[in-house]
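>
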Ligand code: GLA
């Protein structure tokens, strides 16, 4: 008995003074728009007035989100990334937004978003500086969490530049606790796994998912096929670690959707949207919404595909077939049947080949679609209905190079 008591009191001393995240937020993957992969750290408003990081840019993007139909399909937040700060804190230690580029201040900007039914995301870094060299939160975490709450920030992205790898887990946990303590609802987005990866350290995903609503697993996306493909490869290789920790309120974040930037083809754009959706990943676009061509807008606003991303079951899909050129992913989605414990499914067939299209034949029961009464099958990109298919039936698709075919197989009735 004495030993038990002793161990318990030791635990009380050693337990970090942080609490688990239980904010009830991000029950479906966040959707919105973020500046980084399009506008990076452009701060020269004199020469680049339309693309510099400023309140005007975020307000313009908010207008486009609302007026061009993005908000109607679910994109409901505007995220400020790096380079929004003054180089120095105020005399009392508070963060100050750049006085010229954000002359109205962040509170005014968050009010602006809220008036339009949007949310505001803000960026900071756990280290001594942000990745672009602005003041970091190290030593000021409580004060910064309170400042973000006072400013009405709804979503907080916490980066990890300029910090020892050893301190990363503790810092992210502490900030989680400070945010909770403010009592203000803020989605908490971490880069904890990425900074462990960068430093060759193992990631305890179960732990990360207890403190963060979403977390960046891998390097930054950029608007190139190589970048998108390298992220897909990383997630494929690590899916057994990532799938079990995914669920409502806790998401892996493969980084921004770069669809709408012209360096990605329409086929590659459908691939990014489809695979991000089959993973239940955040759909946070980074593009210039003022210049998105109609073909990309249609891809970004495909409600059938977005519904797979936002499916309330919140499952991360699994890569179930993998040949040199073809990958097939399967995700359990609603509607489900409680009596038979069968679910509906979304399926993505991805052709990695850079030049040749692939004719792919998939027998439904070979990828786990076994409901004996069959499924209503619909191609989600074209909208074409393929009718009822039984587990023994074959789904045939012509998949373009670096492109996908995506379909939903909706449960017809219970399997008796
Ligand atoms: C890191 C992050 C990016 C972006 C930049 C800003 O690289 O991973 O998403 O926020 O910092 O400097």
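Residue numbers (mature numbering (1 follows the signal peptide of the UniProt record, and there is no 0)): -20 to -1, 1 to 396. Positions of the beta carbon are idealized from the N, C-alpha and C atoms, including for glycine. Predicted model only: the values in this text are computed from it and were never measured.
Per DSSP, what are the beta-bridge partners of residue 378 in this structure?
Paired residues: 339.
> Run the Cβ filter for me: residues under 7 Å from any heavy atom of the ligand GLA, listed in the order they occur in the chain.
Selection output, chain order preserved: 16, 21, 61, 62, 103, 110, 111, 112, 137, 139, 141, 171, 174, 196, 200, 235.
> Hey, would you say residue 63 sits closer than 8 Å to residue 114, going by beta carbons?
Yes; because the gap between Cβ atoms is below 8 Å, this pair is in contact.
> What residue range does the beta strand (DSSP E) around residue 258 cover?
Careful: residue 258 lies outside any beta strand (DSSP E), inside the alpha helix (DSSP H) at 246 to 258.
> Could you check the C-alpha separation between residue 134 and residue 159 for me, to the nearest Å?
The straight-line gap from Cα to Cα measures roughly 11 Å.
> With DSSP as the reference, identify every bridge partner of residue 13, one or two as the case may be.
Paired residues: 58, 265.
> Express the C-alpha separation of residue 384 and residue 338 in angstroms, rounding to a whole number.
One C-alpha to the other measures close to 10 Å.
> Would you mind reading off the limits of the beta strand (DSSP E) that contains residue 136?
Taken as a continuous stretch (DSSP letters only), the beta strand (DSSP E) holding residue 136 covers 135 to 139.
> In this structure, how does DSSP classify residue -10 when only helix, strand and coil are distinguished?
In this prediction, residue -10 has a pLDDT of 37, which is less than 50 and means its spatial position is unreliable; nothing more can be read from the coordinates.
> In three-state DSSP terms, what is residue 392?
Reduced to three states, the DSSP call for residue 392 is coil.
> For residue 348, which residues from the same chain have a beta carbon less than 8 Å from its beta carbon, with the 5 sequence-adjacent residues on both sides left out?
Hits under 8 Å: 300, 310, 325.
> Using the DSSP secondary-structure output, state which residues sit across from residue 101 in a beta bridge.
Answer is 59, 135, bridged to residue 101.
> Any beta carbon from chain D within less than 8 Å of residue 375's own beta carbon?
Although the question refers to chain D, the structure presented lacks it and comprises just one protein chain.
> Consult DSSP for residue 364 and reduce its assignment to one of helix, strand or coil.
Three-state result, residue 364: coil.
> Pick helix, strand or coil for residue 179, following the three-state DSSP scheme.
It is coil, neither helix nor strand.
> When you compare the CB positions of residue 294 and residue 226, do they come within less than 8 Å of one another, or not?
Contact: yes.
> Smallest Cα separation from residue 397: which of 358, 344, 362, 360?
This structure cannot speak to residue 397, because the chain is shown only from -20 to 396.
> Our contact map puts residue 180 next to residue 229 with C-beta atoms below 8 Å; I'd like the distance itself, whole angstroms only.
Residue 180 to residue 229, Cβ: 29 Å. No contact.
> Just verifying my parser: in three-state terms, what is the DSSP assignment at residue 112?
Looking at residue 112 - three-state DSSP - the assignment turns out to be coil, as it is neither helix nor strand.
> Taking only three categories from DSSP, how would you classify residue 387?
Reduced to three states, the DSSP call for residue 387 is strand.
> Give the DSSP-derived three-state secondary structure of residue 79 in the structure shown.
Of the three classes helix, strand and coil, the one that applies to residue 79 here is coil, per DSSP.
> If residue 23 sits next to residue 38, beta carbons under 8 Å apart, how far is it from one beta carbon to the other, in whole angstroms?
Contact doesn't hold; Cβ gap of about 14 Å is too wide.
> So, using beta-carbon positions, are residue 117 and residue 104 closer together than 8 Å?
Yes; because the gap between Cβ atoms is below 8 Å, this pair is in contact.
> What are the uninterrupted segments assigned as beta strand (DSSP E) that are 3 or more residues long and contained completely in the stretch 142 to 226, given in chain order?
For the stretch 142 to 226, whole beta strand (DSSP E) runs of length 3 or above, ordered along the chain, are 167 to 170, 194 to 196.
> With a CB to CB cut of under 8 Å and the five nearest residues on each side skipped, what residues in its chain are close to residue 313?
The residues are 288, 291, 293, 295, 323, 324, 325, 326, 388.
> The beta strand (DSSP E) spanning residue 311 covers which residue range?
Counting along the chain, the beta strand (DSSP E) containing residue 311 begins and ends at 306 to 317.
> Can you tell me the Cα-Cα spacing of residue 74 and residue 127, whole angstroms?
Rounded to whole angstroms, residue 74 to residue 127 spans 7 Å at the Cα level.
> Determine whether the beta carbon atoms of residue 167 and residue 214 lie at a separation below 8 Å.
For residue 167 and residue 214, no; Cβs fall outside 8 Å.
> Please return the same chain residues whose Cβ sits closer than 6 Å to the Cβ of residue 189, not counting the five positions on each side in sequence.
Answer for residue 189: 225, 230, listed in chain order.
> With DSSP as the reference, please indicate the residues paired to residue 355 in a beta bridge.
369, 391.
> Flag this pair as yes or no: are the beta carbons of residue 243 and residue 273 separated by less than 8 Å?
Cβ atoms of residue 243 and residue 273: not closer than 8 Å.
> When DSSP labels each residue in this structure, what does residue 129 get in the three-state scheme?
It is helical.
> Please work out which residues of its chain come closer than 8 Å, Cβ to Cβ, to residue 372, disregarding the five sequence neighbours upstream and downstream, and give them in chain order.
Here the set comprises 343, 344, 345.
> Rounded to a whole number of angstroms, what is the C-alpha to C-alpha distance between residue 184 and residue 191?
Distance between the alpha carbons of residue 184 and residue 191 is about 12 Å.
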